[in-house]
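Colleague: In full-length UniProt numbering, the protein residues as written are 1 to 513.
By construction, the Cβ of each residue, glycine as well, lies at the ideal position given by its N, Cα and C atoms.
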């Protein structure tokens, strides 16, 4: 499986003289221009010089001739990528990724050769130092001193090159997407497959209205005033719409908590590096992320980001897994490139409330928990009486972190189309390798009586798998409720599960003139 491997920290540096054909070749490769800026996703910041194995990422690509330092290091399994080159290349193509696999492998080969040369020269320098410990003729000692100086000078240059090459390799490899589940349909979004359909389109015996007209007549929101205050795609919720938002949030948290999820309210400003480590691109062209000027912080587009970071750089107890969270937050998205009638009103906005589910689990259990998450979503929306379909999304619609993604699209009669109301993604260890989240498996057998004290039991640590799913994206569910449950007198029937959270209110009625 493609994942992102381990490095030791480094610092980019430029070098002067060239001391070997290998260094000349390495410097030539490092100077190769890099016009593109690749996506960014992250891994734990570690400190080693040996890459691990397995790739996947959405990292930033190198810039022009100078060295570009990665802000964090992902645990990428380069050997696995090299050994599975054809499969990785097919995966990159099917997901329409811009990752440059040939360059990654070329850089990796250069890395291995350069590291081998550095190790050889270090051994040679140590051998010279050992020779100088005994009693020597002055001329012999002087010759060894000169040899040591030359070796040191050559080593300094090669070690600088190794640092720079390691950085460039890391940046390039971060653009490789996660592996893809074998059952995922290959192709563009249109190739996605319907897994399940619940309910049917309601028949109306009157002329239906969209949520904008209904909201205006019921005095539920104000887009015009918000446009003056904040700009387009912002809104004020008013009157019963405020109660409806709060009801949706409290109902979702209440229902999901019954499934063993821990409720959270998250920070809504996070470090850019955490956004990248989760697989988003805060500084890319047409990014959906709002970045805060003159800082390393961003507004979150989903609670997936701060919840994903809650256990960053930590080793979790095997007995604590799975860790399941249900998190409430506001979300902020630029919606760059979004336009058209299908995005009007509450359907696509810059700020909204959302309840998100997130799971940290053992690798062998992530497929099971993925099914559990989509079942929770389906049960929630079915209980509201919505008509929807669940889709297994095709490769061309998967973001870099997703191994597999299920979307739910609900019927919106006023918009005369199905609209996405949630998704559930299994990201396997793509995010955890960037965020540095591991666990130590419990040993199947107790340690022997003569085991050394202090030695960690259970063998090596492993990266957890992460999954995320939407419980409630408030504006789109408001669209669904208004448009599906409108009556011929202009009123809206509140779905029964929400009524206890709205003080028993059953119907939203037009305001008397």
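1) Answer with yes or no whether the minimum CB distance from residue 126 to chain B is below 8 Å.
2) Between residue 117 and residue 444, what straight-line distance do the alpha-carbon atoms span, to the nearest angstrom?
3) Going by the beta-carbon positions, is the gap between residue 328 and residue 265 smaller than 8 Å?
4) Between the alpha carbons of residue 465 and residue 112, how many angstroms are there, rounded?
5) From residue 38 to residue 490, what distance separates their C-alpha atoms?
6) On the CB-based measure, 16 or more other CB atoms within 10 Å of its CB, does residue 93 come out buried or exposed?
7) Short of 8 Å in beta carbon distance, which residues of its chain neighbour residue 196, apart from the five on each side in sequence? Order them along the chain.
8) In angstroms, rounded to a whole number, what distance separates the CA positions of residue 482 and residue 190?
9) Entirely within the stretch 130-176 and at least 4 residues each: give me those alpha helix (DSSP H) ranges in chain order.
10) If you follow the alpha helix (DSSP H) that residue 358 is in, where does it begin and where does it stop?
11) Going by DSSP, name the residue or residues bridged to residue 439.
12) How is residue 263 classed by DSSP in three states: helix, strand or coil?
13) Just confirm the distance between the C-beta atoms of residue 384 and residue 475, as a whole number of angstroms; I'd bet it's less than 8 Å.
14) What are the partner residues of residue 128, as DSSP defines its beta bridges?
15) Does residue 368 come out as helix, strand or coil in the three-state DSSP assignment?
16) I'd like to confirm something about residue 438: is its beta-carbon nearer than 7 Å to some heavy atom of the ligand SAH, or not?
17) So, is residue 417 buried or exposed, given that buried needs 16 or more other C-beta atoms within 10 angstroms?
18) Using the Cα positions of residue 408 and residue 199, report the straight-line distance between them to the nearest angstrom.
19) Taking the Cβ atom as the reference point for each residue, do residue 247 and residue 485 lie within a distance shorter than 8 Å?
20) From the DSSP output, in three-state form, read off residue 42 for me.
21) List, from N- to C-terminal side, the beta strand (DSSP E) runs of 3 residues or more that fit wholly inside the stretch 184-229.
22) Could you pull out every residue in the same chain whose Cβ sits closer than 6 Å to the Cβ of residue 382, ignoring the five residues on either side in sequence?
23) Which residue from 223, 209, 242, 239 puts its Cα closest to that of residue 233?
24) Which stretch, first to last residue, makes up the alpha helix (DSSP H) that contains residue 494?
25) Return the Cβ separation of residue 259 and residue 376 in integer angstroms, given the expectation that the two are a contact with Cβ distance under 8 Å.
26) Can you check which of these residues, 261, 325, 299, 215, is closest to residue 242 by C-alpha distance?
Modeller: So, from the data block:
1) Given the protein chain composition of this structure (a single chain), no chain B is represented.
2) As the crow flies, the alpha-carbon of residue 117 is around 41 Å from that of residue 444.
3) Remark: C-beta atoms of residue 328 and residue 265 approach each other more closely than 8 Å.
4) Spanning the two alpha carbons is a distance of roughly 29 Å.
5) Reliability of the predicted coordinates at residue 38 is poor, the pLDDT of 31 falling under 50, and the value obtained from them is presented with this limitation in mind. Looking at the two C-alpha atoms, the distance is approximately 50 Å.
6) exposed
7) 378, 389, 390
8) 28 Å
9) With a minimum length of 4 residues, the continuous alpha helix (DSSP H) runs that stay inside the stretch 130-176 are 138-173.
10) Note, residue 358: premise wrong, no alpha helix (DSSP H); beta strand (DSSP E) at 351-361.
11) 316, 462
12) strand
13) About 15 Å separates the two Cβ atoms, so there is no contact after all.
14) Looking at the DSSP assignment, residue 128 forms no beta bridge with any residue, so it has no partner.
15) helix
16) The ligand SAH is absent from the structure shown, which contains no ligands of any kind.
17) exposed
18) 13 Å
19) no
20) Unreliable positioning characterises residue 42 in this predicted model, as indicated by a pLDDT of 32, which lies under 50. A coordinate reading is not provided.
21) With a minimum length of 3 residues, the continuous beta strand (DSSP E) runs that stay inside the stretch 184-229 are 193-198.
22) 198
23) 223
24) No alpha helix (DSSP H) holds residue 494; DSSP gives it neither H nor E.
25) 6 Å
26) 215
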